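Student: Have a look at the structure that comes next, please.
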Amino acid sequence: MSMINVKVAAIEQVTPLVKHFTFVKEDGSSLPAFSGGSHVVVSIDIGGRVHRNPYSLMGSPMENEAYHISVRRQENSRGGSVFMHENVTVGMPLKITYPMNLFSLAKKGRKHILIAGGIGITPFMSQIADLKRMGANYELHYAFRSPEHGAFAAQLKESCGDHLHCYIDSNATRLDLEALLSDQPLGTHVYVCGPSPMVVATLETARNLGWPENHIHSEQFLSPPIGEPFKIQLARSNIEIQVSAEMSMLEAIEAAGVEADFLCRGGVCGRCELDVLETDGALLHNDHFLTDSEKASCKKIMPCVSRAKGERLMLDL
Amino acid sequence: MALNFKKETFREDYTYSNSDAAIKRFPFPFPEDQYMYSVNIEPHTKGKQGTVCEFTFDIDEHYVAECLDKKITLEQDPGRYKALPHMMDAQWDFVELTMEALAQDYPEHFSLKKQGLIWTWENKPLGIKDTFTFGDTSTLATEPFDYIGRQLQGDFVLLDHRDETLYADAGIVTSQADWSLAFNVGMSWREWHGPVPRATELGVMDRALKYLLNLQIGSPVRRLNWTMTVNPRLDTSPENYPHWGGERNTVNAENIGDLIHLRVELQTLFRLPRSNAIVFSIRCYLISLKDIATYPRWAKRLHRVQKTMHPDLIEYKGMTKFHPMMVDWLAKFDDGETLAIGTQPE
Ligand code: HEM
Ligand code: FES
Numbered sequence: 012m013s014m015i016n017v018k019v020a021a022i023e024q025v026t027p028l029v030k031h032f033t034f035v036k037e038d039g040s041s042l043p044a045f046s047g048g049s050h051v052v053v054s055i056d057i058g059g060r061v062h063r064n065p066y067s068l069m070g071s072p073m074e075n076e077a078y079h080i081s082v083r084r085q086e087n088s089r090g091g092s093v094f095m096h097e098n099v100t101v102g103m104p105l106k107i108t109y110p111m112n113l114f115s116l117a118k119k120g121r122k123h124i125l126i127a128g129g130i131g132i133t134p135f136m137s138q139i140a141d142l143k144r145m146g147a148n149y150e151l152h153y154a155f156r157s158p159e160h161g162a163f164a165a166q167l168k169e170s171c172g173d174h175l176h177c178y179i180d181s182n183a184t185r186l187d188l189e190a191l192l193s194d195q196p197l198g199t200h201v202y203v204c205g206p207s208p209m210v211v212a213t214l215e216t217a218r219n220l221g222w223p224e225n226h227i228h229s230e231q232f233l234s235p236p237i238g239e240p241f242k243i244q245l246a247r248s249n250i251e252i253q254v255s256a257e258m259s260m261l262e263a264i265e266a267a268g269v270e271a272d273f274l275c276r277g278g279v280c281g282r283c284e285l286d287v288l289e290t291d292g293a294l295l296h297n298d299h300f301l302t303d304s305e306k307a308s309c310k311k312i313m314p315c316v317s318r319a320k321g322e323r324l325m326l327d328l
Numbered sequence: 021m022a023l024n025f026k027k028e029t030f031r032e033d034y035t036y037s038n039s040d041a042a043i044k045r046f047p048f049p050f051p052e053d054q055y056m057y058s059v060n061i062e063p064h065t066k067g068k069q070g071t072v073c074e075f076t077f078d079i080d081e082h083y084v085a086e087c088l089d090k091k092i093t094l095e096q097d098p099g100r101y102k103a104l105p106h107m108m109d110a111q112w113d114f115v116e117l118t119m120e121a122l123a124q125d126y127p128e129h130f131s132l133k134k135q136g137l138i139w140t141w142e143n144k145p146l147g148i149k150d151t152f153t154f155g156d157t158s159t160l161a162t163e164p165f166d167y168i169g170r171q172l173q174g175d176f177v178l179l180d181h182r183d184e185t186l187y188a189d190a191g192i193v194t195s196q197a198d199w200s201l202a203f204n205v206g207m208s209w210r211e212w213h214g215p216v217p218r219a220t221e222l223g224v225m226d227r228a229l230k231y232l233l234n235l236q237i238g239s240p241v242r243r244l245n246w247t248m249t250v251n252p253r254l255d256t257s258p259e260n261y262p263h264w265g266g267e268r269n270t271v272n273a274e275n276i277g278d279l280i281h282l283r284v285e286l287q288t289l290f291r292l293p294r295s296n297a298i299v300f301s302i303r304c305y306l307i308s309l310k311d312i313a314t315y316p317r318w319a320k321r322l323h324r325v326q327k328t329m330h331p332d333l334i335e336y337k338g339m340t341k342f343h344p345m346m347v348d349w350l351a352k353f354d355d356g357e358t359l360a361i362g363t364q365p366e
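Listed in order, the protein sequences are those of chains A and B.
Here the first sequence is numbered in the numbering used here, starting from 12 and rising by one per residue.
Here the second sequence is numbered in the numbering used here, starting from 21 and rising by one per residue.
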């Protein structure tokens, strides 16, 4: 997979939990353009182990001098966000993927309703730049815990004006999804990014109101969850690998020197899919890619986010 | 190295021909003695010097003549260019991709100078020089995709990525193997691939689509497709079938080596950055059976591939009329020698 060498040009603390990082190309040349809603995967080396975390690009897609990401500190995550907060410094070189977009705007949409919760605002920052450039009809609904957690609220107020609607838990202002989604013109698309209860509620409300499936868009990066350690066997490589509690299966496979395909590393793209040849325990499917029946069949697994319980998991790799 | 562009035609008197160098670099598509559809997609990485994959877009000795033929076809039938309104970002992405690649790979023929968004493009072989503002359609005489699409060999389709599939929402198509842009525009992957026999049952189409939906910026892919055409005609469109369909009846055992051409499409696919669209580029190469037979290895391989061709494919590719005659003609070059896997001429 092609990677881009960047260095950290600036770091800014935006809220008590969120830092904003600016990346520029290490050789000073410009970065590729991208489309609103894109993300990059940032590789970081923590004590010899490479973590790869997806972050949405927040800048304007038309600006190719620098990329901007924001990272929320997740205390109980596997260390990626903590490392970004504590160990990444200005001037540090990093490797990122080319931008990819699993959350793109429907260009033929007549109206766009964007719903963000907390750090879920990030993919919308670049989408708004695109929507404004296209002169599209949109509304941004942004919910956060308390005024000091409203990263970018002021900046958004400036760029979106009346299109922005904020909901602040501590002020007891709440987003009424039912009301918002029940009275929209034909051809409206809804996009949601945020904590999983909010995403689920939005999807369910839209579906219950009869929204067509292809007008409902969500992005929810899964951080590979911490789990129990387990062992896997790779049939073609003829080796056994221990997957430790804080490593993903994909990371363990890579650390063992076996080439495995991947793309999003977040359980949505499908590229890392592996065939399960034998298993004695339950597979813990954490992805959004396989269908429920595929998950139940125990024949396939997405090693970037999924795990296993038990002693034996033989993969076709 | 400067290319020598030939004066030749792809219609009426058909003066098209390949130089020895062009024959040698021909993208022969058969690595094995049998052929069936497969997901034959690989990364479009830089190939060896002189090969058709050396550069992002291949420009060869036929460049000027092909652009002229494209111009004639577009004049006769403006419907060969079509772009739906939501594809404008993709159009500009396409301009950037192609102009940058050509200027970098063929600096003696093309140049691109940028001052911020003011770009100056010079195409020496076609005698074109224009200054325009990138992203501002009013600064070009035609739509941007039309503008640069005419200055490239081959056909291009811009695909919008939505609803977990690809839609052919823009195209400039003048050298197609019997399919129609006007008919296919706005269609989705499964719809336009509907007529292809056997591929759906083999699962080829679903897997290829899954792969393409994951296509990354900066990591283009390619594949080869092929058919057979009577005479070196680029415009074998359904629209102009009356002009070329009948030429199949002129093939006989004496002229078959000159008339029948292997038509190979080097298909490349690129993810476009601003639009998240995909461009599908179809670059057509033509070579007569006689020229193929200048390399015995190719003649033997082609004989075996054709002899064992699935009947559905013979029919789908429009070869029914001349196929037995072609196999007979090729048979005389085949001594039965075992050929290693590979497409090389020697
Ligand atoms: C995304 C861009 C693509 C477009 C716009 C496209 C379009 C088409 C069209 C219009 C046809 C002719 C169908 C007819 O007879 O009417 C065709 C044929 C076909 N396509 Fe695609 N295609 C694309 C990519 C691919 C890819 C990546 C594969 C990989 C497996 C593929 C496999 C085929 C095959 C096997 C045929 C039959 C060709 C023959 O036998 O001559 N296509 N395609
Ligand atoms: S890498 Fe995308 S699903 Fe695993």
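Think of the CB as a built atom: it goes at the ideal place given N, C-alpha and C, for glycine as much as any other residue.
Please read all numbers here as calculations on a predicted model, not as lab measurements.
#1: Buried or exposed: where does K90/B fall if 16 or more other Cβ atoms within 10 Å of its Cβ makes it buried?
#2: Just reading off the alpha helix (DSSP H) that F94/A is part of, what are its end residues?
#3: Taking the alpha-carbon positions, what's the G268/A to Y66/A distance?
#4: Roughly how many angstroms lie between the CA atoms of D113/B and S295/B, to the nearest whole one?
#5: Is it the case that the CB of D166/B approaches a heavy atom of ligand 2 more closely than 7 Å?
#6: Among the residues of its own chain, which have a CB less than 6 Å from the CB of N148/A, if the five just before and after it don't count?
#7: Label F30/B either buried or exposed according to how many other C-beta atoms from any shown protein chain fall within 10 Å of its C-beta, with 16 as the threshold for buried.
#8: List, in chain order, every chain A residue whose beta-carbon is nearer than 7 Å to that of R182/B.
#9: Between R276/A and ligand 2, is the CB less than 7 Å from at least one heavy atom?
#10: When you compare the CB positions of R321/B and D156/B, do they come within less than 8 Å of one another, or not?
#11: Within 7 Å: the Cβ of C204/A and any heavy atom of ligand 2?
#12: Please confirm whether any heavy atom of ligand 1 lies closer than 7 Å to the CB of W222/A.
#13: Drop a sphere of 10 angstroms on the beta-carbon of N38/B, count the other beta-carbons inside from all chains shown, and report buried for 16 or more, exposed for fewer.
#14: Rounded to whole angstroms, what's the CA-CA distance from K118/A to H106/B? Just pull it up for me.
#15: Output, in sequence order along the chain, the residues in the region 232 to 251 of chain B whose CB is closer than 7 Å to any CB in chain A.
#16: Distance check for L197/A and T65/B, CA to CA, integer angstroms please.
#17: Using 7 Å as the cut-off, classify the Cβ of K341/B as near or not near the heavy atoms of ligand 1, replying yes or no.
#18: Is it buried or exposed for K352/B, if we count other Cβ within 10 angstroms and need 16 for buried?
#19: Looking at the secondary structure, which residues open and close the alpha helix (DSSP H) in which S207/A lies?
#20: Could you say which of L289/B, H281/B, D332/B and Y126/B lies nearest to L244/B if we only look at CA atoms?
#21: What are the start and end residues of each continuous beta strand (DSSP E) run of 3 or more residues lying completely inside the region 198 to 224 of chain B, in chain order?
#22: According to DSSP, is F273/A part of a helix, a strand, or is it coil?
#23: Report the neighbours of K66/B on chain A: residues whose CB is nearer than 7 Å to its CB, in chain order.
#24: Counting only Cβ-Cβ distances shorter than 8 Å, please list the residues of the region 157 to 170 of chain B near chain C, keeping chain order.
#25: Output the boundary residues of the beta strand (DSSP E) element that contains T151/B.
#26: For chain B, find out if any of its Cβ atoms is closer than 8 Å to the Cβ of M111/A; answer yes or no.
#27: Suppose contacts are defined by Cβ-Cβ distances below 8 Å. Is M14/A in contact with I126/A by that definition?
#28: To which residues does DSSP link P104/A through a beta bridge?
#29: Counting only the same chain and skipping the five closest in sequence on each side, list residues whose C-beta sits under 6 Å from that of T35/B.
#30: Count Cβ pairs between the region 65 to 75 of chain B and the region 320 to 328 of chain A that sit closer than 8 Å; are there 3 or more?
#31: Taking CB distances under 8 Å as the criterion, tell me whether F45/A reaches chain B.
#32: What number of angstroms, rounded off, separates the C-alpha of Q135/B from the C-alpha of I61/B?
#33: Measure the beta-carbon distance from I370/B to F46/B and round it to whole angstroms, keeping in mind my assumption that it falls under 8 Å.
#34: So is N60/B in contact with chain A if we call contact Cβ pairs under 8 Å?
#35: Would the region 172 to 181 of chain A and the region 142 to 161 of chain A be scored as touching if the rule is three or more Cβ pairs under 8 Å?
#36: C283/A by DSSP, collapsed to three states: which one?
Tutor: Straight from the coordinates:
#1: Here the question's residue 90/B lines up with position 70 in the second sequence. Taking a 10 Å sphere around the C-beta of K90/B, we find 16 or more other C-beta atoms and assign the residue as buried.
#2: For the purposes of this step, residue 94/A is taken as the residue at position 83 of the first sequence. Unbroken alpha helix (DSSP H) run through F94/A: G91 to E97.
#3: The residue given as residue 268/A occupies position 257 in the first sequence. The residue given as residue 66/A occupies position 55 in the first sequence. Here the C-alpha atom of G268/A lies approximately 26 Å from the C-alpha atom of Y66/A.
#4: On the second sequence, position 93 is the one that residue 113/B refers to. On the second sequence, position 275 is the one that residue 295/B refers to. When rounded, the distance between both Cα atoms is 7 Å.
#5: Here residue 166/B is taken as the residue at index 146 of the second sequence, counted from 1. D166/B: no, Cβ never under 7 Å from ligand 2.
#6: As a working mapping, residue 148/A is identified with position 137 in the first sequence. Contacts found: K122.
#7: Residue numbering aside, residue 30/B sits at position 10 when the second sequence is read from its first letter. Burial call: buried.
#8: Taking the second sequence and counting its residues from 1, one reaches residue 182/B at position 162. By Cβ distance, chain A contributes A117.
#9: If you number the first sequence from 1, residue 276/A lands on position 265. The answer is yes for R276/A.
#10: Counting from 1 along the second sequence, the entry for residue 321/B is found at position 301. Counting from 1 along the second sequence, the entry for residue 156/B is found at position 136. With contacts defined as CB atoms closer than 8 Å, R321/B and D156/B fail to qualify as a contacting pair.
#11: Your numbering for residue 204/A matches position 193 in the first sequence. Flag unset: Cβ of C204/A not near ligand 2.
#12: One-based indexing of the first sequence puts residue 222/A at position 211. No, the beta carbon of W222/A sits no closer than 7 Å to any heavy atom of ligand 1.
#13: Counting from 1 along the second sequence, the entry for residue 38/B is found at position 18. By the 10 Å Cβ count, N38/B comes out buried.
#14: The residue you call residue 118/A lines up with position 107 of the first sequence. The residue you call residue 106/B lines up with position 86 of the second sequence. Straight-line measurement puts the Cα of H106/B at about 6 Å from the Cα of K118/A.
#15: Answer set for the region 232 to 251 of chain B: N234, Q236, I237, G238 and S239.
#16: The residue you call residue 65/B lines up with position 45 of the second sequence. The residue you call residue 197/A lines up with position 186 of the first sequence. The alpha-carbon separation between T65/B and L197/A amounts to approximately 44 Å.
#17: On the second sequence, residue 341/B is found 321 positions in, with the first residue counted as 1. False, no ligand heavy atom lies under 7 Å from that Cβ.
#18: On the second sequence, position 332 is the one that residue 352/B refers to. Its Cβ having fewer than 16 others within 10 Å, K352/B is exposed.
#19: On the first sequence, residue 207/A is found 196 positions in, with the first residue counted as 1. Boundaries of the alpha helix (DSSP H) around S207/A: S207 to N219.
#20: In the second sequence, the residue the question calls residue 244/B occupies position 224. When only C-alpha atoms are compared, the closest one is L289/B.
#21: None, since the region 198 to 224 of chain B contains no complete beta strand (DSSP E) of that length.
#22: Counted from its first residue, the first sequence places residue 273/A at position 262. DSSP places F273/A in coil when its eight states are reduced to three.
#23: As a working note, residue 66/B is residue 46 in the second sequence. Here the premise fails: no neighbours, minimum Cβ distance about 13 Å.
#24: Any reference to chain C falls outside this structure, whose protein chains are A and B.
#25: Position 131 of the second sequence, counting from 1, holds the residue named residue 151/B. For T151/B, the enclosing beta strand (DSSP E) starts and ends at I148 to T153.
#26: Translated into positions along the first sequence, residue 111/A becomes position 100. For M111/A, the nearest beta carbon of chain B is closer than 8 Å to its own beta carbon.
#27: Within the first sequence, residue 14/A is the residue found at index 3, counting from 1. Within the first sequence, residue 126/A is the residue found at index 115, counting from 1. With respect to I126/A, M14/A sits apart: the two C-beta atoms are not nearer than 8 Å.
#28: Locating residue 104/A in the first sequence gives position 93, where the first residue counts as 1. Paired residue(s): K18/A.
#29: Indexing the second sequence from 1 puts residue 35/B at position 15. By the criterion of a C-beta distance shorter than 6 Å, T35/B is surrounded in its chain by E28 and T29, once the five residues flanking it on both sides are discounted.
#30: Using a C-beta cut-off of 8 Å, the region 65 to 75 of chain B makes no contact with the region 320 to 328 of chain A, since fewer than three inter-stretch Cβ pairs fall below that distance.
#31: For the purposes of this step, residue 45/A is identified with residue 34 of the first sequence, where counting begins at 1. Taking Cβ atoms only, chain B reaches closer than 8 Å to F45/A, which makes this a yes.
#32: The sequence position of residue 135/B within the second sequence is 115, counting from 1. The sequence position of residue 61/B within the second sequence is 41, counting from 1. Taken atom to atom, the span from the alpha-carbon of Q135/B to that of I61/B is near 37 Å.
#33: Absent from the structure is residue 370/B, since the part of chain B shown begins at 21 and ends at 366.
#34: Translated into the one-based positions of the second sequence, residue 60/B becomes position 40. Nearest CB-CB separation between N60/B and chain A: not below the 8 Å threshold.
#35: Judged by Cβ distances under 8 Å, the region 172 to 181 of chain A makes contact with the region 142 to 161 of chain A, as three or more pairs qualify.
#36: As a first step, residue 283/A must be located in the first sequence, where it is residue number 272. C283/A falls in the coil class under three-state DSSP.
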